[in-house]
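In terms of my numbering, the sequence shown opens at residue 4 and continues consecutively.
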Amino acid sequence: MSSALRTGHPADPADPSDPTEPAEPAEPAEPAARVAGPTPWPRVSVPPPADTGRPLRKRLRRAVARHGPVLATYGVLKLVGFAVFMYLLDSAGDFREKHPRFGGGAHTWDVLGSWDGWWYQQIALHGYDPALEPVPGATGLITLEGNSAAFFPLYPTLMRLVQEITGLGPYGAGMTVSVVSSFVAALGIHAVTSRLGGRRAGLVAVGLWAVWPGSGAEWAVYSESLYTALAVWACHAVMTRRWLTAGLLTFFAGLARPTAVTLVAALAVAGLIAVCRRREGIRRPLLAVAVAPLGTLGYLGWVGHRMGDWNGYSKLQDGAWGHTFDYGRHSLDVLTSVPVGHFDYLFAMPFEDVIGVGVVLLVPVLTVLLVRLRPPAVLVVYTVLSYLMVMGTQQYFGNVSRYLLPLFPLLIPLALAMRRLRLPSLAAVLGTAALASGSYAGYVLFELGVP
Numbered sequence: 004m005s006s007a008l009r010t011g012h013p014a015d016p017a018d019p020s021d022p023t024e025p026a027e028p029a030e031p032a033e034p035a036a037r038v039a040g041p042t043p044w045p046r047v048s049v050p051p052p053a054d055t056g057r058p059l060r061k062r063l064r065r066a067v068a069r070h071g072p073v074l075a076t077y078g079v080l081k082l083v084g085f086a087v088f089m090y091l092l093d094s095a096g097d098f099r100e101k102h103p104r105f106g107g108g109a110h111t112w113d114v115l116g117s118w119d120g121w122w123y124q125q126i127a128l129h130g131y132d133p134a135l136e137p138v139p140g141a142t143g144l145i146t147l148e149g150n151s152a153a154f155f156p157l158y159p160t161l162m163r164l165v166q167e168i169t170g171l172g173p174y175g176a177g178m179t180v181s182v183v184s185s186f187v188a189a190l191g192i193h194a195v196t197s198r199l200g201g202r203r204a205g206l207v208a209v210g211l212w213a214v215w216p217g218s219g220a221e222w223a224v225y226s227e228s229l230y231t232a233l234a235v236w237a238c239h240a241v242m243t244r245r246w247l248t249a250g251l252l253t254f255f256a257g258l259a260r261p262t263a264v265t266l267v268a269a270l271a272v273a274g275l276i277a278v279c280r281r282r283e284g285i286r287r288p289l290l291a292v293a294v295a296p297l298g299t300l301g302y303l304g305w306v307g308h309r310m311g312d313w314n315g316y317s318k319l320q321d322g323a324w325g326h327t328f329d330y331g332r333h334s335l336d337v338l339t340s341v342p343v344g345h346f347d348y349l350f351a352m353p354f355e356d357v358i359g360v361g362v363v364l365l366v367p368v369l370t371v372l373l374v375r376l377r378p379p380a381v382l383v384v385y386t387v388l389s390y391l392m393v394m395g396t397q398q399y400f401g402n403v404s405r406y407l408l409p410l411f412p413l414l415i416p417l418a419l420a421m422r423r424l425r426l427p428s429l430a431a432v433l434g435t436a437a438l439a440s441g442s443y444a445g446y447v448l449f450e451l452g453v454p
């Protein structure tokens with residue numbers, strides 16, 4: 004039987020075992036010297052190099068498709084409000100008559116580096132020198148000289164780092180950190196809201212954060228954008244059970260603002276619930292909770308050590324800025340005065356305070372709507388405790404719109420309700436709010452009040 008029949012494949016024409024093919028004449032034998040010679044290397048076909056750039060391009064396209072709408076939504080709305088803010092500053096011109104530290108400057112954009120921004124720039128340039136220095140002869144509310152130790156270190160540290168890398172001055176470095184952080188925060192707000200209401204709701208929440216009262220501080224030499232970015236991604240890490248990531252982000256948030264203690268508490272409650280419901284072992288949540296408060300405690304301890312008074316930070320805030328925890332007495336005074344047109348309370352800023360009262364009264368409504376959605380506990384605890392901490396502190400009341408800016412969970416119920424709007428209606432609502440935000444979230448904050 005031929006080899007073709009045995010194997011099922013056509014026989015090789017040169018196969019001598021196939022009797023159907025005529026035998027070819029044998030070649031003469033090679034000389035012995037030729038057989039003993041070197042054997043040539045076999046010819047191996049090398050495949051062309053793989054296109055290593057193609058997977059990278061695919062990942063970039065996916066990233067653009069996923070994050071591009073978020074960044075565009077936030078960027079466009081924020082840019083509209085920012086442009087209106089700059090126009091109002093230039094047309095009014097009042098900033099030209101003010102001190103550069105207190106809402107003034109040579110150019111409109113200099114206003115964004117005044118007030119707290121001036122302090123952050125000084126820290127980036129000269130570092131800290133914590134001290135409790137009495138004001139000579141002072142007997143009133145302000146008895147201590149202002150000191151940079153009142154401002155937490157993460158934001159000015161990043162400013163200094165950007166300075167070293169880019170060669171920018173402290174103002175440019177501060178604006179860079181704030182703007183980049185604001186986009187990171189927008190991505191986090193979208194990520195958290197999308198888990199509860201879908202991508203469209205996430206985009207609406209991002210748009211709302213861009214036009215929220217107090218959002219003028221997002222693109223200024225202020226730490227709100229950085230703190231919000233850390234807080235929202237810490238909450239997202241808890242929601243996705245990445246406990247160590249949540250603990251580290253909360254640690255860094257504690258180096259950005261003292262209000263991070265509310266984030267620490269929210270992380271602790273969420274970890275306890277996860278352990279009690281047997282969703283997690285105890286080791287990772289416990290480690291996260293142990294790491295989370297070290298940022299705040301470490302800075303407060305360092306300031307107290309340098310001042311020679313372990314309560315030095317609180318004394319500085321009270322004596323130099325009039326900020327003290329009074330269990331809500333000052334807030335109640337404002338809330339009972341503004342509705343009847345009285346502005347004889349401490350730190351009165353009429354226009355700014357009216358906006359602040361509106362925000363303060365809106366928060367409980369949004370909190371109830373948030374709780375009805377039954378979101379993860381970390382969002383509720385963080386929101387409620389942050390609100391109570393702001394309301395329980397004596398301070399410039401008009402600042403509450405800025406202090407409540409990091410309370411991103413309040414945007415979730417609004418976003419879920421507004422996601423049903425058609426695109427033209429949604430664009431009209433958010434676009435109009437963006438135009439108005441140049442005034443109520445920017446000009447009022449920096450020029451008619453004290454941010």
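C-beta atoms are modelled at their ideal positions from N, C-alpha and C, and glycine is treated no differently.
Nearest to residue i by alpha carbon, out of the options?
{"i": "Ser317", "options": "Arg69, Trp122 and Ala152", "result": "Ala152"}
{"i": "Gly84", "options": "Leu229, Ala213 and Gly130", "result": "Ala213"}
{"i": "Ser159", "options": "Tyr225, Asp321 and Arg281", "result": "According to the sequence shown, residue 159 is Pro rather than Ser. Ranking the options by Cα distance to Pro159, first place goes to Tyr225."}
{"i": "Arg282", "options": "Arg244, Thr265 and Thr253", "result": "Arg244"}
{"i": "Leu229", "options": "Val278, Leu161, Ala208 and Val195", "result": "Leu161"}
{"i": "Glu136", "options": "Gly149, Ala127 and Gln125", "result": "Gly149"}
{"i": "Tyr390", "options": "Asp336, Leu407, Met89 and Tyr399", "result": "Leu407"}
{"i": "Tyr3", "options": "Val209, Leu164 and Leu388", "result": "Within the shown structure, residues of the chain are numbered from 4 to 454, placing residue 3 beyond reach of any answer."}
{"i": "Gly130", "options": "Trp324, Trp118, Phe155 and Glu450", "result": "Phe155"}
{"i": "Gly71", "options": "Val187, Val447, Asp97 and Thr327", "result": "Val187"}
{"i": "Leu335", "options": "Gly359, Ile415, Val381 and Leu319", "result": "Gly359"}
{"i": "Tyr446", "options": "Leu252, Ala220, Ile276 and Val366", "result": "Ala220"}
{"i": "Ala109", "options": "Gly96, Tyr77 and Ala273", "result": "Gly96"}
{"i": "Leu349", "options": "Leu433, Trp305, Tyr399 and Glu167", "result": "Tyr399"}
{"i": "Leu199", "options": "Leu433, Leu382, Val432 and Asn402", "result": "Leu382"}
{"i": "Val363", "options": "Phe346, Val278 and Val337", "result": "Val337"}
{"i": "His193", "options": "Tyr77, Gly311, Val366 and Val67", "result": "Tyr77"}
{"i": "Ile415", "options": "Gly311, Leu448 and Val235", "result": "Val235"}
{"i": "Gly201", "options": "Gln125, Arg69, Gly304 and Gln166", "result": "Arg69"}
{"i": "Ser184", "options": "Gly170, Glu167 and Leu157", "result": "Leu157"}
{"i": "Trp112", "options": "Leu63, Gly325, Tyr174 and Gln125", "result": "Tyr174"}
{"i": "Trp215", "options": "Val366, Gln166, Gly325 and Leu164", "result": "Val366"}
{"i": "Gly126", "options": "Leu63, Leu164 and Gly311", "result": "Residue identity check: residue 126 is Ile in the sequence provided, not Gly. Measuring from the Cα of Ile126, the nearest candidate turns out to be Leu164."}
Residues bridged to residue i by DSSP?
{"i": "Thr327", "result": "Gln397"}
{"i": "Leu147", "result": "Pro137"}
Determine the contact status of residue i and residue j, defining contact as a CB-CB distance below 8 Å.
{"i": "Gly172", "j": "Tyr123", "result": "no"}
{"i": "Pro288", "j": "Trp246", "result": "yes"}
{"i": "Leu270", "j": "Ala249", "result": "yes"}
{"i": "Leu373", "j": "Ala189", "result": "no"}
{"i": "Thr265", "j": "Tyr385", "result": "yes"}
{"i": "Gly301", "j": "Gly307", "result": "no"}
{"i": "Gly217", "j": "Ser428", "result": "no"}
{"i": "Val114", "j": "Leu128", "result": "no"}
{"i": "Ala273", "j": "Pro133", "result": "no"}
{"i": "Leu233", "j": "Ala259", "result": "yes"}
{"i": "Gln298", "j": "Ala351", "result": "Gln is not the amino acid found at residue 298; the sequence shown has Gly there. Not in contact: Gly298 and Ala351 (Cβ atoms no closer than 8 Å)."}
{"i": "Trp118", "j": "Pro454", "result": "yes"}
{"i": "Lys61", "j": "Trp222", "result": "no"}
{"i": "Leu369", "j": "Leu426", "result": "no"}
{"i": "Ala268", "j": "Leu252", "result": "no"}
{"i": "Val292", "j": "Ile285", "result": "no"}
{"i": "Ala418", "j": "Leu211", "result": "yes"}
{"i": "Gly401", "j": "Gly441", "result": "no"}
{"i": "Gly106", "j": "Arg99", "result": "no"}
{"i": "Arg231", "j": "Phe411", "result": "One point to set straight first is that residue 231 is Thr, not Arg, in the sequence displayed. Result yes, Cβ atoms of Thr231 and Phe411 sit closer than 8 Å."}
{"i": "Val294", "j": "Phe254", "result": "yes"}
Determine, using beta carbons only, whether residue i comes closer than 8 Å to chain D.
{"i": "Tyr158", "result": "This model lacks chain D altogether, as it is built from one protein chain only."}
Compute every distance between the C-beta of residue i and the non-hydrogen atoms of the ligand SAM, then say whether any falls below 7 Å.
{"i": "Ser428", "result": "This structure does not include the ligand SAM; it has no bound ligands of any sort."}
For this session: Give a yes or no on contact between the region 391–410 and the region 422–435, applying the rule of three or more CB pairs nearer than 8 Å.
Result: Verdict: no, contact absent.
For this session: Pick out the complete alpha helix (DSSP H) segments inside the region 342–412, 4 residues or longer, and give them in chain order.
Result: Within the region 342–412, the complete alpha helix (DSSP H) segments at least 4 residues long are 353–375, 380–394 and 403–406, listed from N- to C-terminus.
Exercise. Is the number of C-beta pairs between the region 142–149 and the region 179–188 that are closer than 8 Å three or more?
Worked result: Two segments are said to touch when three or more pairs of C-beta atoms, one from each, lie closer than 8 Å; by this definition the region 142–149 does not touch the region 179–188.
Exercise. Do the region 201–210 and the region 337–344 meet, that is, are 3 or more Cβ pairs less than 8 Å apart?
Worked result: No contact exists between the region 201–210 and the region 337–344.
Exercise. If we count Cβ pairs, one from each stretch, closer than 8 Å, do we get three or more for the region 430–441 versus the region 79–93?
Worked result: Two segments are said to touch when three or more pairs of C-beta atoms, one from each, lie closer than 8 Å; by this definition the region 430–441 touches the region 79–93.
Exercise. Do the region 363–377 and the region 348–355 make contact, defined as three or more Cβ pairs closer than 8 Å?
Worked result: Between the region 363–377 and the region 348–355 there are fewer than three inter-stretch CB-CB distances shorter than 8 Å, so the stretches are not counted as touching.
For this session: Counting only runs of 4+ residues fully inside the region 286–342, write out the alpha helix (DSSP H) ranges in chain order.
Result: Runs found: 286–294, 297–310, 315–324 and 332–340.
For this session: Output the residue ranges of the alpha helix (DSSP H) runs that lie fully inside the region 190–247 and measure 4 residues or longer, sorted by chain position.
Result: Listed in chain order, the complete alpha helix (DSSP H) runs (minimum 4 residues) inside the region 190–247 are 202–214 and 227–242.
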